[in-house]
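Residue numbers (the UniProt record's numbering): 1 to 239.
Right under this line is the structure:
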């Protein structure tokens, strides 16, 4: 055991053997003579401080992994809108298709472009209905003349029945043919979408155009396909 005490002059530690309390000794550094203090006031050399406890090896590795796995927060003025989405697709993907990288918006055509698309089927339906309308008029006139020449209609009920039959056979197709022609005129002006679509549908039936419906069948289907185009629909909604 030894006694360690600070020098009263240079404050350096002086070490002397145990049992020399009260005796004089000289500081080896500054040669200052001083009395060795009692062991009760200056005890033996303090026990060395144990080194700080190191964390377990597994814990330190886990902490390192957690530290590396956490991405550095990117500076952003708005923490909810400016920060990148960690679960979203990469912003610059060289393998993405052009349609997926840009938002596709269907641009409506102008009224002139829609008119150029509808001009073909509209004129075709008008010609076929006009031809069928002429044939229908000739057929109606011939039927009426034949009935009058035969003189079979003498009673009022017979006359009324014949009139209804003639109206259903010739009058109704005649009015529907006129409606179809008016609808095709509106198609050329790109106005009244419902009326134009009705005209193309009537062109498929024998009630409009009479015998001309066989020729107008192709133009009616063509017109319906064009009318279902979104850009053409948008052109009809233009002021």
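Idealized CB from N, CA, C, for every residue including glycine.
Using the rule of at least 16 other Cβ atoms within 10 Å of the residue's Cβ for burial, across every protein chain shown, is residue i buried or exposed?
i	result
residue 165	exposed
residue 219	buried
residue 20	exposed
residue 177	buried
residue 128	buried
residue 226	buried
residue 112	exposed
residue 47	The pLDDT assigned to residue 47 is 48, lower than 50, so where the model puts this residue is not dependable; a value taken from the coordinates is nonetheless given after this. Counting Cβ neighbours within 10 Å, residue 47 comes out exposed, since fewer than 16 surround it.
residue 124	buried
residue 190	buried
residue 138	exposed
residue 142	exposed
Between the C-alpha atoms of residue i and residue j, what's the straight-line distance to the nearest angstrom?
i	j	result
residue 173	residue 230	31 Å
residue 236	residue 145	46 Å
residue 44	residue 2	Residue placement at residue 44 cannot be trusted, given a pLDDT of 47 that sits under 50; what the coordinates show is reported in the next sentence. Their backbone Cα atoms lie some 6 Å apart in a straight line.
residue 18	residue 38	10 Å
residue 175	residue 188	20 Å
residue 4	residue 11	12 Å
residue 234	residue 131	32 Å
residue 194	residue 168	25 Å
residue 239	residue 182	20 Å
residue 184	residue 136	19 Å
residue 253	residue 120	What is shown of the chain runs 1 to 239, which leaves residue 253 out entirely.
residue 179	residue 149	33 Å
residue 228	residue 160	44 Å
residue 28	residue 14	8 Å
residue 9	residue 16	17 Å
residue 126	residue 109	24 Å
residue 207	residue 133	11 Å
residue 221	residue 147	38 Å
residue 140	residue 114	38 Å
residue 163	residue 122	33 Å
residue 202	residue 192	16 Å
Mind reading off the beta-carbon distance from residue i to residue j? Whole number of angstroms is fine, and I expect it under 8 Å.
i	j	result
residue 171	residue 200	Incorrect: roughly 23 Å between the Cβ atoms, too far for contact.
residue 117	residue 196	12 Å between Cβ atoms; not a contact.
residue 35	residue 24	6 Å
residue 7	residue 32	6 Å
residue 215	residue 204	Residue 215 to residue 204, Cβ: 12 Å. No contact.
Terminal residues of the continuous beta strand (DSSP E) containing residue i?
i	result
residue 109	No beta strand (DSSP E) contains residue 109, which DSSP labels as neither H nor E.
residue 3	2–6
residue 232	Note, residue 232: premise wrong, no beta strand (DSSP E); alpha helix (DSSP H) at 230–236.
residue 35	33–35
In the DSSP assignment, the alpha helix (DSSP H) including residue i goes from what residue to what residue?
i	result
residue 20	Careful: residue 20 lies outside any alpha helix (DSSP H) and carries neither H nor E.
residue 196	193–202
Flag residue i as yes if its beta-carbon sits less than 8 Å from any beta-carbon of chain B, otherwise no.
i	result
residue 144	No chain B is part of this structure, which consists of one protein chain only.
Start-end ranges of the alpha helix (DSSP H) lying completely within the segment 120–175, minimum 4 residues | 156–166
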